[in-house]
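K.L.:
Protein chains in written order, with the UniProt record's numbering: chain A, 1 to 380; chain B, 1 to 380.
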């Protein structure tokens, strides 16, 4: 490199460093301002996530960016990242307590990931929370007596039995809820065991999220919505989007989602193991998309095996779905072995037509994600 | 909402808007500065991607962020997003031409996505590029005579035959290269057809990337590395990371990656189709992780069916891998149907141990990606 080049680069980099420092100061300022917004909302009991305000703000910024020749998507991505940070820090200032007189919140299974998360959210909102673990059943009657809400979040395989055997004598005014990833059976069990308000929730995220902002919680109504409406609003204050669903419909979709997809990912991990594939080498040749897929396989196997078996074994219908997938796979394999390329292509087109506009939408979405993936993984 | 709350929120939001405008100005300034860096590098023929400089810069910013109480990951993510933008715009200012005297670049199959991308990169670097499509074979002898580099990027099923039949009389000094996703056979075919320099590349990305910065290109050496070394350096100037590999080893890994994984994704799409699952409804209940997986399925079916069949049918060994996966799947299904939960859990633990530290690493990576996914998809 010539001396002139080195000098020019050094001078420019010094200027970039100066801009970066200003940038950092602005990020600090913005986070502080949003924190103040959080305090005001906290006082007023407003949800931390305001989709309309966000949409308006982003579209203004995009227009301003366009005017000065900055790619609108750039400012949107930067602001979204900043907002994510803000939501995380808003947890720290706590949340408005919507129903101070409701009594205790008892979380059965509060020591699991999801239980811990909800325990924290309730505590941040000023509620007294009691976590009922396996060794605490002696205390249960006393705790239930003072409870306004009882939430069941134990392994899926134990949920219904626990409800049927242990939760038959709750105070009639008490709200009984669960966080299980299937809804129909637990909801039926709760309705049978308890005469008071009953509601089923399915948080559509892992217990490792840092904030509930923008996260989806499916709600399946049981009985006494008027009495538990505040609980739904409390979750909205945490930033969650509550989506109403019919329990059966939810479970049907979940079987496809969880059992089928997870199982095929599971089988992929087993196939890698069976062939003793060299993961290090696979990674070396991995494009972002494959790296991402491998990450999904790895993520599954970083979970608790028992919880995973619970999900798979939770419903007999899952096994039907899984075996129907196995059939699709086998018939495709025969097609492949027959060497009938034309037929293979026709099958492809058939599925492509069935997915219709979704295929395009998915491609668009995955492109954005793959860019993030490339940013990250190519910097190992 | 009380009047006081409304007023407080309005006042804070006005301040946030002001900060955002300063932020936008800074982004503009930074992009301009990096553009100037691009010009200097262009003149000097330096690669646009400087990993060490990036790493040093990021670690300084992280430290500064920590000092003023900003999450270090926040500034890193924002800067990475900015850098991605810069790389994209650096394409516009063109690239240093490393070998002006090399003659023409002939790209056989230059009208496909990957061909177009490389055509653009060579043109941005000042080379004359000729795209040889199916109807242009009459011109071929004349074009080949003036060519310094001939790059084959036709569908995988046609590659070897084309090399064997059409590329037997190239000028001896001319570099013959290909961009096929398998390497062993095309490389052998090129070595046999051509006596001059031969090299195989496998770009590990789709033709839809906007910049080659940080993208990986696998290189399998054939013959005459001294003569084609400049070509590798030219790709590095574009920002790519060149990774050397042995062709057989590469293909072995690719079979696992492409055939196996892609095929299982393909089968998943078919299974959805066979059961006529309601995609709209699936999406409604989709957590970010499933949305991401569904996006991968959709992405596959947005591709050209013929290209896809080509990849699957490219190597007979792929079919072996696919059928071994089918066996893993079937035996897991039997295990599931037997109801032997203990055995299922043991299998899980076995694979988990085999993945070892990778499982944790993948989980970490996927968490970051899922956050981006959640930011994006929950704002539909």
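Cβ atoms here follow ideal geometry from the backbone N, Cα and C, with glycine treated the same way.
Owing to the predicted nature of the structure, the values given are computational and were not obtained by experimental measurement.
Using DSSP bridges, identify the partner residues of residue 178 of chain B.
P.N.:
B/152 and B/200.
K.L.:
What residues from chain A crowd round residue 81 of chain B, counting only those whose CB sits closer than 8 Å?
P.N.:
74, 77, 78, 81 and 375, listed in chain order.
K.L.:
Under a CB-based cut-off of 8 Å, is residue 29 of chain A close to chain B?
P.N.:
Interface residue, yes.
K.L.:
Where does residue 9 of chain B fall in DSSP's three states?
P.N.:
Helix at residue 9 of chain B.
K.L.:
If we require 3 or more residues per run, which beta strand (DSSP E) segments fall completely within the segment 66 to 140 of chain A?
P.N.:
Taking only runs of at least 3 residues, the beta strand (DSSP E) segments lying wholly in the segment 66 to 140 of chain A are 104 to 108 and 129 to 132.
K.L.:
Mind pulling the chain B residues with CB within less than 7 Å of residue 273 of chain A?
P.N.:
Within chain B, the residues near residue 273 of chain A are 350, 351 and 354.
K.L.:
Residue 238 of chain A: buried (16+ other C-beta within 10 angstroms of its C-beta) or exposed?
P.N.:
By the neighbour-count rule (16 or more Cβ atoms within 10 Å), residue 238 of chain A is buried.
K.L.:
Run down chain B in chain order and give the residues with a C-beta less than 9 Å from the C-beta of residue 180 of chain A.
P.N.:
Simply none; closest approach about 14 Å.
K.L.:
Looking at the C-beta of residue 155 of chain B, does it have a partner C-beta in chain A at a distance below 8 Å?
P.N.:
No, its Cβ sits nowhere closer than 8 Å to a Cβ of chain A.
K.L.:
Which of the three DSSP states is assigned to residue 193 of chain B in this structure?
P.N.:
Reduced to three states, the DSSP call for residue 193 of chain B is helix.
K.L.:
Let me make sure I understand the geometry here. Which of A/232, A/327 and A/148 has the alpha-carbon closest to that of residue 171 of chain A?
P.N.:
Here the closest residue by C-alpha is A/148.
K.L.:
Is the separation between the beta-carbon of residue 341 of chain B and that of residue 313 of chain A shorter than 8 Å?
P.N.:
Yes, they are a contact pair.
K.L.:
Suppose the cutoff is 6 Å on Cβ atoms and the five residues either side in sequence are ignored; what does the same chain contact list for residue 184 of chain A look like?
P.N.:
Cβ neighbours of residue 184 of chain A beyond the five flanking positions: 247, 248 and 251.
K.L.:
On a CA-only basis, which of B/16, B/25 and B/66 is nearest residue 67 of chain A? Give me that one, please.
P.N.:
Cα-wise, what sits closest to residue 67 of chain A is B/25.
K.L.:
Within the continuous beta strand (DSSP E) that includes residue 257 of chain A, where are the two ends?
P.N.:
Element bounds for residue 257 of chain A: n/a, residue is neither H nor E.
K.L.:
Return helix, strand or coil for residue 169 of chain B, following the three-state DSSP convention.
P.N.:
DSSP places residue 169 of chain B in coil when its eight states are reduced to three.
K.L.:
Check whether the Cβ of residue 103 of chain A lies closer than 8 Å to any Cβ atom in chain B.
P.N.:
No, its Cβ sits nowhere closer than 8 Å to a Cβ of chain B.
K.L.:
Against residue 306 of chain A, what residues of chain B qualify as contacts under a CB-to-CB distance less than 8 Å, listed in chain order?
P.N.:
Chain B residues near residue 306 of chain A: 345.
K.L.:
Within this structure, are the beta carbons of residue 218 of chain B and residue 243 of chain B separated by less than 8 Å?
P.N.:
Contact: yes.
K.L.:
Could you give the distance in angstroms between the alpha-carbon of residue 35 of chain A and the alpha-carbon of residue 78 of chain B?
P.N.:
Distance between the alpha carbons of residue 35 of chain A and residue 78 of chain B is about 19 Å.
K.L.:
Counting C-beta neighbours from all protein chains within 10 Å, is the total for residue 53 of chain B 16 or more, i.e. buried, or is it exposed?
P.N.:
Answer is exposed; the Cβ neighbour count stays below 16.
K.L.:
With a 10 Å radius around its C-beta and 16 neighbouring C-beta atoms as the bar for buried, classify residue 1 of chain B as buried or exposed.
P.N.:
Residue 1 of chain B comes out exposed.
K.L.:
Report the residues of the segment 2 to 22 of chain A with a CB closer than 8 Å to any CB of chain B, ordered along the chain.
P.N.:
Of all residues in the segment 2 to 22 of chain A, 2, 5, 8, 9, 12, 13, 15, 16, 17, 19, 20, 21 and 22 have a Cβ within less than 8 Å of some Cβ in chain B.
K.L.:
I'd like to know whether the C-beta atoms of residue 197 of chain A and residue 114 of chain A end up nearer to each other than 8 Å.
P.N.:
Result no, Cβ atoms of residue 197 of chain A and residue 114 of chain A do not sit closer than 8 Å.
K.L.:
Which residues mark the beginning and the end of the beta strand (DSSP E) in which residue 299 of chain A is found?
P.N.:
Run containing residue 299 of chain A: none in the beta strand (DSSP E); it sits in the alpha helix (DSSP H), 288 to 301.
K.L.:
Can you tell me the Cα-Cα spacing of residue 29 of chain A and residue 19 of chain B, whole angstroms?
P.N.:
Approximately 8 Å, taken between the alpha carbons.
K.L.:
If I measure Cβ to Cβ from residue 21 of chain A and keep anything under 6 Å in the same chain, skipping five residues before and after, which residues do I get?
P.N.:
Cβ within range, chain order: n/a, list empty.
K.L.:
Let me confirm a value: residue 4 of chain B is counted as buried when at least 16 other C-beta atoms fall within 10 Å, else exposed. Which label applies?
P.N.:
With fewer than 16 Cβ atoms within 10 Å of its Cβ, residue 4 of chain B is classed as exposed.
K.L.:
Answer with yes or no whether the minimum CB distance from residue 184 of chain B to chain A is below 8 Å.
P.N.:
No - not a single Cβ of chain A is within 8 Å of the one on residue 184 of chain B.
K.L.:
Could you check if residue 363 of chain A is buried or exposed, using at least 16 other CB atoms within 10 Å of its CB as the buried criterion?
P.N.:
Answer is buried; the Cβ neighbour count reaches 16.
K.L.:
Would the segment 71 to 91 of chain B and the segment 103 to 111 of chain A be scored as touching if the rule is three or more Cβ pairs under 8 Å?
P.N.:
The answer is no - the segment 103 to 111 of chain A does not touch the segment 71 to 91 of chain B, with fewer than three Cβ pairs under 8 Å.
K.L.:
Just verifying my parser: in three-state terms, what is the DSSP assignment at residue 335 of chain A?
P.N.:
Residue 335 of chain A: helix per DSSP, three-state reduction.
K.L.:
Using a Cβ-Cβ cutoff of less than 6 Å, which residues in the same chain neighbour residue 102 of chain B once the five nearest sequence positions on both sides are dropped?
P.N.:
The residues are 148.
K.L.:
Which chain A residues sit within Cβ distance under 9 Å of residue 64 of chain B?
P.N.:
Per Cβ cutoff of 9 Å: 20, 21 and 24.
K.L.:
Quick check on this structure: which residue in B/263, B/349, B/110 and B/346 has the alpha carbon closest to the alpha carbon of residue 336 of chain A?
P.N.:
Among B/263, B/349, B/110 and B/346, the Cα nearest to that of residue 336 of chain A belongs to B/263.
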